[in-house]
Amino acid sequence: MRGRWLWPRGFGAFSWRKSGLLFLLFIVVWFYTFTSFILFNGEPTKPESRHLQEKILDLSKRYIKAVAKEKGEGKTLPDPEGSYDFKKTLAVLIDNLLTRVDYLENKVNSLSVVRPSQPAPGRWLGNESHVELLSSQRLMREGVSSSRDDVSREKVDDSPVETDAEAERRRRHGAFGDALKNISDGKCAYTEEDLKTYPNCEKKIEWMKMFWQTDKCYSLYGVDGSDCSIFLYLSEVEKWCPHFSWRPKLPPLRKNQGPKAYIQVDKDGLFALMDSHEKFSWMKMRISRMWDTLWIPAVEALDRKGELKERSRKKILIHLGLLTKESGFKIAEKAFSGGPLGELVQWADIITSLYILGHDISLSYSTHRLSNFLRSNGLAKSSCPTDSDMPFDVVYIDIVGLKQMRKATGGLFNQFKCMLRVIDTFGTEPAYNADRFAKSAGYKSSWGKWNLVPRQFMTMFPHTPDNSFMGFVVEHYSPENLRPTTQRQNKALVYGKDPLMWRDANTFLNTIHAKFDIHGTVYSNGSEADHFIPSYVHNHGIVSGSRIQELLQETKLFVGLGFPYEGPAPLEAIANGCVFLNPSFNPPKNSKNTKFFEGKPTLREFSSQHPYAEVFIGKPHVWTVDISKTKELEQALNEISNLGNVPPLLPFEYTCEGMLQRVSAYVQHQDFCATVDPPWPPTSALRTITADVGVSCKKACFDLGLVCEPSFFPLINSKEALEKNFAISCSSEEFVENIYPPAMKNGAFSVKCHMQQEDLLYSCAGEKGNFRRLCPCRDYIKGQVALCKDCL
1 MRGRWLWPRG
11 FGAFSWRKSG
21 LLFLLFIVVW
31 FYTFTSFILF
41 NGEPTKPESR
51 HLQEKILDLS
61 KRYIKAVAKE
71 KGEGKTLPDP
81 EGSYDFKKTL
91 AVLIDNLLTR
101 VDYLENKVNS
111 LSVVRPSQPA
121 PGRWLGNESH
131 VELLSSQRLM
141 REGVSSSRDD
151 VSREKVDDSP
161 VETDAEAERR
171 RRHGAFGDAL
181 KNISDGKCAY
191 TEEDLKTYPN
201 CEKKIEWMKM
211 FWQTDKCYSL
221 YGVDGSDCSI
231 FLYLSEVEKW
241 CPHFSWRPKL
251 PPLRKNQGPK
261 AYIQVDKDGL
271 FALMDSHEKF
281 SWMKMRISRM
291 WDTLWIPAVE
301 ALDRKGELKE
311 RSRKKILIHL
321 GLLTKESGFK
331 IAEKAFSGGP
341 LGELVQWADI
351 ITSLYILGHD
361 ISLSYSTHRL
371 SNFLRSNGLA
381 KSSCPTDSDM
391 PFDVVYIDIV
401 GLKQMRKATG
411 GLFNQFKCML
421 RVIDTFGTEP
431 AYNADRFAKS
441 AGYKSSWGKW
451 NLVPRQFMTM
461 FPHTPDNSFM
471 GFVVEHYSPE
481 NLRPTTQRQN
491 KALVYGKDPL
501 MWRDANTFLN
511 TIHAKFDIHG
521 TVYSNGSEAD
531 HFIPSYVHNH
541 GIVSGSRIQE
551 LLQETKLFVG
561 LGFPYEGPAP
571 LEAIANGCVF
581 LNPSFNPPKN
591 SKNTKFFEGK
601 PTLREFSSQH
611 PYAEVFIGKP
621 HVWTVDISKT
631 KELEQALNEI
641 SNLGNVPPLL
651 PFEYTCEGML
661 QRVSAYVQHQ
671 DFCATVDPPW
681 PPTSALRTIT
691 ADVGVSCKKA
701 CFDLGLVCEP
711 SFFPLINSKE
721 ALEKNFAISC
731 SSEEFVENIY
741 PPAMKNGAFS
751 VKCHMQQEDL
761 LYSCAGEKGN
771 FRRLCPCRDY
781 IKGQVALCKD
791 CL
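Now the structure itself:
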């Protein structure tokens with residue numbers, strides 16, 4: 001029959017599952033064949049080189065099996081025609097396969113045979129025969145391991161000319177050679193306990209044993225092929241392995257402080273950086289609208305307060321992965337046709353803040369541009385870290401860009417990690433961020449497992465104290481410029497630009513229509529979804545930012561439909577004098593019961609469409625209502641109608657001045673690459689409290705009008721602190737990897753005290769059954785929850 005596939009008897013109807021499995025099988029077979037051809041086609045194969053080739057192929061096979069096992073573990077393939085999850089899983093798996101193919105194609109193709117007239121001198125681990133070595137300088141990538149079997153290797157005499165950067169390496173790491181002379185390998189040894197919190201250490205050791213001669217820089221750091229030199233390098237230089245207690249700390253880097261930062265008020269310089277009309281046209285329109293009326297007065301006010309003095313000018317790389325072609329999002333392209341704007345709003349405000357504050361910005365919005373930035377600064381040429389001044393002090397990036405950065409930097413990614421500031425709308429909690437714990441505890445997310453300090457993730461709203469609150473600016477008119485209006489009593493503007501958001505809202509909207517004239521700004525393109533919009537709605541279509549401001553000033557009620565979650569529009573409406581009708585959720589929505597949050601690296605529960613407006617603002621500006629209950633809705637509408645005009649309200653942290661204050665403090669004081677002296681936030685802000693049984697530190701601090709501060713956890717992570725604050729004596733004490741320590745548990749005849757073993761797992765959001773947590777809280781500036789009173 002036309003239009004149908006014919007399959008052998010017994011195979012059944014064509015389905016996504018079967019086609020997907022067939023395609024996957026084809027990919028795997030092709031992958032093995034292709035890899036074998038790459039590895040074994042060409043030079044005559046000697047026994048030693050054949051041995052190395054077989055190892056690489058075996059590692060590739062094990063990699064595919066591991067990925068397949070990880071992605072398929074505990075999952076049942078969905079039924080035919082309902083295969084969204086399966087397609088997503090398949091896409092992830094194939095992406096890994098193709099990444100590996102690309103990796104082998106570029107790296108294994110560079111196999112070269114070293115054929116000196118005589119074996120070069122050197123210290124070997126294993127037999128003395130020479131082997132083929134990978135000549136590529138950047139084969140070492142995060143997650144690439146090698147066999148434990150010792151292999152022979154031959155020293156390559158590059159006769160290097162020492163550069164200034166290499167001389168600096170020798171200065172800092174020259175102690176390696178002297179230290180090795182009188183140290184037995186027994187002293188350079190790790191136990192299983194040592195490696196618990198360093199999951200990548202063993203595979204990095206395996207790789208280094210085989211390939212330490214592939215880049216001359218390893219020998220400059222003291223690596224000579226011995227176990228001890230490898231352990232010292234991986235613990236003290238690349239930080240993949242535990243530091244030996246008997247080893248002194250390395251001397252500090254000679255880092256230039258850089259010039260002072262001065263305010264920049266010429267927006268032409270900023271727009272010159274945004275040299276792609278397609279990518280930045282919407283952002284430029286927003287920035288232009290706000291520049292003279294909001295941004296410039298704000299930075300001048302902050303400067304008059306003396307908060308912008310004595311600042312250093314930072315070199316900042318900004319990479320917007322969401323704008324790259326590879327992301328597939330097309331957010332910039334859809335900005336004028338009803339697409340999501342929250343991310344563009346936040347990025348526009350971050351870029352503007354950094355520019356106005358006087359920092360040196362490099363702006364990237366494509367993978368090609370990112371690679372060029374790295375290459376031009378000498379950061380894509382070597383497997384080894386560089387101890388010379390890095391070309392960037394801070395890197396602002398999103399999750400998509402983070403994956404692109406890891407690919408572009410290869411073996412250098414671990415050195416970049418401490419400079420990253422990841423713009424992450426909904427946040428990444430420690431349970432999902434720490435790779436080893438996430439796997440063992442079953443916290444699955446394709447967006448997590450980055451092993452960053454949780455405060456490096458920066459959110460749109462201050463909902464997760466474990467992360468840093470970045471925020472954005474709410475566009476608004478100043479109160480004196482608000483136009484008086486008599487029309488607020490009759491108008492309701494619905495929050496929803498896509499017709500699909502209006503689905504199943506008729507009953508709810510009919511109730512509102514009995515009291516208000518309903519308006520909308522919906523993108524209508526003649527599709528079937530248009531019929532979700534009731535005929536009585538005055539639809540203005542997609543309008544400009546200025547027109548939105550005018551509509552909000554004429555409107556009494558801003559109506560949420562339950563989606564999108566935590567967008568900027570409700571705060572914009574409240575800042576223009578509207579009352580926001582905020583739909584509540586019972587039960588709260590989370591990653592377990594709502595498709596939208598599935599896979600996101602957070603356990604947060606949404607009690608309403610906009611939790612920030614519900615908790616931090618409230619009545620009379622925000623009415624959180626169960627819109628499915630008609631009587632409750634009618635009562636709320638009656639009360640809102642009787643309010644009269646509600647004055648505009650805008651929290652300071654969402655003004656231009658608040659944003660500039662917060663960003664300036666972060667750039668000047670947050671440092672995840674080194675110990676900050678004096679510490680920031682200052683320890684004078686610490687308030688230690690004890691939580692009730694099963695209560696998180698986030699809630700315990702908030703209930704007392706304080707904020708949980710994760711950077712203070714190390715100060716209270718001890719048996720002594722638990723005993724002092726709980727007024728108990730620990731019967732047993734244990735260091736554990738979990739998200740609830742430090743904490744204690746009262747038993748019938750004993751008191752268990754648990755301390756945190758893994759720094760990345762310190763969590764304000766964590767809680768556990770019968771344990772009571774010890775919590776580090778701090779005060780905060782009114783209207784600026786991100787900063788303590790002594791933080792400026």
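In UniProt numbering, the protein residues as written are 1 to 792.
The beta carbon of each residue, even a glycine, is placed where N, CA and C say it ideally should be.
Just so you know, these numbers come straight off a predicted model, no measurement behind them.
> Beta-carbon separation of G427 and T602 under 7 Å?
Replying inline: Their beta carbons are under 7 Å apart, which means G427 touches T602 by this criterion.
> Could you give the distance in angstroms between the alpha-carbon of L787 and the alpha-carbon of F712?
Replying inline: Cα to Cα, the separation comes out at about 14 Å.
> Under 7 Å between the Cβ atoms of K204 and W246?
Replying inline: It is not a contact, given that the beta carbons lie outside the stated cut-off.
> Near C753, which residues of its chain fall below 6 Å by C-beta distance, leaving aside the five closest residues on each side in sequence?
Replying inline: Closer than 6 Å at the Cβ level, and outside the excluded window around C753, lie K719, L722, C730, E733, M744.
>> Let me check one thing: in DSSP terms, what residues is L581 bridge-paired to?
In response: According to DSSP, which records beta bridges pairwise, L581 is partnered with V559, W623.
>> Using a Cβ-Cβ cutoff of less than 8 Å, which residues in the same chain neighbour H540 once the five nearest sequence positions on both sides are dropped?
In response: Excluding positions up to five away in sequence, the list reads H519, G520, T521, R547, L551.
> Is the stretch 356 to 365 close to the stretch 309 to 319, with three or more CB pairs under 8 Å?
Replying inline: Segments in contact, yes.
>> Let me make sure I understand the geometry here. Which of Y432, E310, A575 has the alpha-carbon closest to that of S440?
In response: Measuring from the Cα of S440, the nearest candidate turns out to be Y432.
>> Closest to A575 by C-alpha separation, out of L561, H538, H621, would be which residue?
In response: The shortest Cα separation from A575 among L561, H538, H621 belongs to H621.
>> Whole angstroms are fine: how far does the CA of P714 sit from the CA of L704?
In response: Straight-line Cα distance between these residues: approximately 22 Å.
>> Restricting to Cα atoms, I'd like to know which of Q609, S312, D677, W447 is closest to V394.
In response: When C-alpha distances from V394 are compared across Q609, S312, D677, W447, the shortest belongs to S312.
>> Helix, strand or coil for Y495? Go by DSSP, reduced to three states.
In response: Strand.
>> Under DSSP, the alpha helix (DSSP H) around E723 begins and ends at which residues?
In response: E723 -> alpha helix (DSSP H) spans 719 to 726.
> Expressed to the nearest angstrom, what Euclidean distance is found between the alpha-carbon atoms of F558 and G496?
Replying inline: The C-alpha of F558 lies about 11 Å from the C-alpha of G496.
> Is it true that the stretch 339 to 351 meets the stretch 464 to 475, where meeting means three or more beta-carbon pairs spaced less than 8 Å apart?
Replying inline: Contact between the stretch 339 to 351 and the stretch 464 to 475 is present, because at least three Cβ pairs lie under 8 Å.
> Nearest to P534 by CA position, among P499, V543, A189, I617, is which residue?
Replying inline: The option with the nearest alpha carbon to P534 is P499.
> Going by alpha carbons, who is nearest to S353 out of P242, P611, P297?
Replying inline: Nearest of P242, P611, P297 to S353, Cα basis: P297.
> What residue ranges within the stretch 663 to 736 form continuous beta strand (DSSP E) runs of no fewer than 3 residues, ordered along the chain?
Replying inline: Within the stretch 663 to 736, the complete beta strand (DSSP E) runs of at least 3 residues are 687 to 693, 732 to 736.
> How big is the Cα-Cα spacing for R169 and C701?
Replying inline: Unreliable placement is indicated for R169, whose pLDDT of 49 sits below 50; no coordinate value is reported for it.
>> Please identify the residue among Y477, M659, R662 whose C-alpha is closest to the C-alpha of P647.
In response: Checking every option, the nearest Cα to that of P647 belongs to Y477.
> For S468, which beta-bridge partners are listed by DSSP?
Replying inline: As DSSP reads the structure, S468 sits in a beta bridge with M458.
>> Helix, strand or coil, according to DSSP, for D435 in the structure here?
In response: In this structure, D435 counts as helix in the three-state DSSP scheme.
> Just checking, does the stretch 613 to 628 make contact with the stretch 658 to 678 on the three C-beta pairs under 8 Å criterion?
Replying inline: Using a Cβ-Cβ distance cut-off of 8 Å, the stretch 613 to 628 and the stretch 658 to 678 are not in contact, since fewer than three pairs of beta carbons, one from each stretch, lie closer than that value.
> Out of R421, P678, C775, C764, which has the shortest C-alpha to C-alpha gap to D790?
Replying inline: If we check each option's Cα against that of D790, P678 comes out closest.
> Helix, strand or coil: how does DSSP classify M274 here?
Replying inline: Under the three-state reduction of DSSP, M274 is assigned to coil, being neither helix nor strand.
> Nearest-angstrom Cα distance between H243 and C201?
Replying inline: Answer to the nearest angstrom: the Cα atoms are 11 Å apart.
> Per DSSP, R421 is paired with what?
Replying inline: Answer by DSSP bridge pairing, in chain order: Y396.
>> Would you call the stretch 685 to 694 in contact with the stretch 442 to 453, where contact means no fewer than 3 C-beta pairs closer than 8 Å?
In response: With a cut-off of 8 Å, the stretch 442 to 453 and the stretch 685 to 694 do not count as touching, because too few Cβ pairs lie within range.
> Which residue from M390, P454, R436, A438 puts its Cα closest to that of R421?
Replying inline: Nearest of M390, P454, R436, A438 to R421, Cα basis: P454.
>> Suppose you measure from the CA of L493 to the CA of T630; what does that come to, to the nearest Å?
In response: Roughly 19 Å between the two C-alpha positions.
> Does the distance from the C-beta atom of P710 to that of D466 stay below 7 Å?
Replying inline: The answer is yes: Cβ separation under 7 Å.
> Among the residues of its own chain, which have a CB less than 7 Å from the CB of Q757, if the five just before and after it don't count?
Replying inline: Same-chain partners within the cutoff: T197, F735, V736, E737.
> Which two residues bound the contiguous alpha helix (DSSP H) that contains L774?
Replying inline: Not the alpha helix (DSSP H): L774 falls in the beta strand (DSSP E), residues 772 to 778.
>> Cutting at 6 Å between CB atoms, please list the residues of its own chain near G583, excluding the five before and the five after it.
In response: Per the sequence shown, the amino acid found at residue 583 is Pro instead of Gly. Excluding sequence neighbours, P583 sits near G560, G562, Q609, I627.
>> Need the endpoints of the alpha helix (DSSP H) that H610 sits in, please.
In response: No alpha helix (DSSP H) contains H610, which DSSP labels as neither H nor E.
>> I need the DSSP call for D266, collapsed to helix, strand or coil.
In response: When secondary structure is reduced to three states using DSSP, D266 falls in the coil class, being assigned neither helix nor strand.
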